[in-house]
Amino acid sequence: MRVGLVWVLLWFAGPLWFAGPLSAGGLSEAVLKQVQADPEPFLELAAALIHGFGGPQGLDAAGVDRFVALERAEARASALRRVQVADLDFDGGVTADEMGVLVAAASAKARGRLWALFEAADANTDRALSADETALWGRAEALRSFSPADEAIARAVLTFDGNADGWVTLEEVRAAVAALAT
Numbered sequence: 001m002r003v004g005l006v007w008v009l010l011w012f013a014g015p016l017w018f019a020g021p022l023s024a025g026g027l028s029e030a031v032l033k034q035v036q037a038d039p040e041p042f043l044e045l046a047a048a049l050i051h052g053f054g055g056p057q058g059l060d061a062a063g064v065d066r067f068v069a070l071e072r073a074e075a076r077a078s079a080l081r082r083v084q085v086a087d088l089d090f091d092g093g094v095t096a097d098e099m100g101v102l103v104a105a106a107s108a109k110a111r112g113r114l115w116a117l118f119e120a121a122d123a124n125t126d127r128a129l130s131a132d133e134t135a136l137w138g139r140a141e142a143l144r145s146f147s148p149a150d151e152a153i154a155r156a157v158l159t160f161d162g163n164a165d166g167w168v169t170l171e172e173v174r175a176a177v178a179a180l181a182t
């Protein structure tokens, strides 16, 4: 399901911007056309958010906050794992020698990526990654992986709150999408 949710976010990433309360004028022209032509990807995104991060009343801003936090935490953990596996002496840092051991065991394609990762994370270019550099790089990778534009798409689902009670239900999203399709 996660891969599907990420695909839907990417599908809408460029054009999805809302300008206030839901109306045809509140959607960008590109998204309005996409939703009208094929509403299923947007409905899948809304359903995943509402069912996965909402509650019996629907999805609120706190639910979207949880979704965003989880997406970024998973991206950060994935990025940090690539560095932490090279911390052979478990001291919280990675030296060029430690990275060299990991690189030597990797495929040719992976070797280049690992050295690029090491150099990108080595903020002070001392050929060693401190715990602070690793944490900073992990946060940056999380934002790169789940960008502010991705976050905006997830938050845009909240604009489908037809009765303005602070909770978005799948029924409200379906009704709004159906209205946009006509």
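Residue numbers (full-length UniProt numbering): 1 to 182.
Note that the Cβ used here is the ideal one computed from N, Cα and C, for glycine as well.
Margin query: By alpha-carbon positions, which one of 133, 176, 36 and 76 ends up nearest to residue 122?
Written below: The residue given as residue 122 occupies position 122 in the sequence shown. Ranking 133, 176, 36 and 76 by Cα distance to residue 122 puts 133 first.
Note to self: Determine whether the beta carbon atoms of residue 138 and residue 79 lie at a separation below 7 Å.
What the structure shows: Here residue 138 is taken as the residue at index 138 of the sequence shown, counted from 1. Here residue 79 is taken as the residue at index 79 of the sequence shown, counted from 1. In contact: residue 138 and residue 79 (Cβ atoms closer than 7 Å).
Check: What does a CB cutoff of less than 8 Å around residue 115 pick up in its chain, not counting 5 residues either side in sequence?
Finding: For the purposes of this step, residue 115 is taken as the residue at position 115 of the sequence shown. Within the same chain, residue 115 has close Cβ partners 99 and 103.
Notebook entry, point to check: By a C-beta neighbour count over all protein chains shown, 10 Å radius and 16 as the cutoff for buried, is residue 117 buried or exposed?
Noted result: Residue 117 sits at position 117 when you count from the first residue of the sequence shown. By the neighbour-count rule (16 or more Cβ atoms within 10 Å), residue 117 is buried.
Next item on the list: Using only alpha-carbon positions, find the residue among 71, 34 and 41 that is nearest to residue 145.
Entry: Translated into positions along the sequence shown, residue 145 becomes position 145. Here the closest residue by C-alpha is 71.
Margin query: Please classify residue 169 as buried or exposed, where buried requires at least 16 neighbouring CB atoms within 10 angstroms.
Written below: Here residue 169 refers to the residue found at position 169 when the sequence shown is read from its first residue. With 16 or more Cβ atoms within 10 Å of its Cβ, residue 169 is classed as buried.
Next item on the list: Please confirm whether residue 154 and residue 64 have their CB atoms less than 7 Å apart.
Entry: The residue labelled residue 154 in the question sits at position 154 within the sequence shown. The residue labelled residue 64 in the question sits at position 64 within the sequence shown. For residue 154 and residue 64, yes; Cβs fall inside 7 Å.
Next item on the list: Count the other C-beta atoms from every protein chain shown that fall within 10 angstroms of the C-beta of residue 92, then say buried if there are 16 or more, exposed otherwise.
Entry: If you number the sequence shown from 1, residue 92 lands on position 92. With fewer than 16 Cβ atoms within 10 Å of its Cβ, residue 92 is classed as exposed.
Next item on the list: Within the same chain, show all residues whose beta-carbon is closer than 8 Å to that of residue 35, passing over the 5 residues directly before and after it, in chain order.
Entry: What you label residue 35 is simply residue 35 of the sequence shown in a count that begins at 1. So the list reads 27, 42, 177, 180 and 181, once near-sequence residues are dropped.
Check: Under 7 Å, do residue 101 and residue 83 count as touching if we go by C-beta distance?
Finding: By 1-based counting over the sequence shown, the position of residue 101 is 101. By 1-based counting over the sequence shown, the position of residue 83 is 83. The answer is no: Cβ separation not under 7 Å.
Item checked: Length of the line joining the Cα atoms of residue 61 and residue 67 -> Your numbering for residue 61 matches position 61 in the sequence shown. Your numbering for residue 67 matches position 67 in the sequence shown. Cα to Cα, the separation comes out at about 10 Å.
Notebook entry, point to check: By DSSP, does residue 69 sit in helix, in strand, or in coil?
Noted result: Here residue 69 is taken as the residue at index 69 of the sequence shown, counted from 1. Reduced to three states, the DSSP call for residue 69 is helix.
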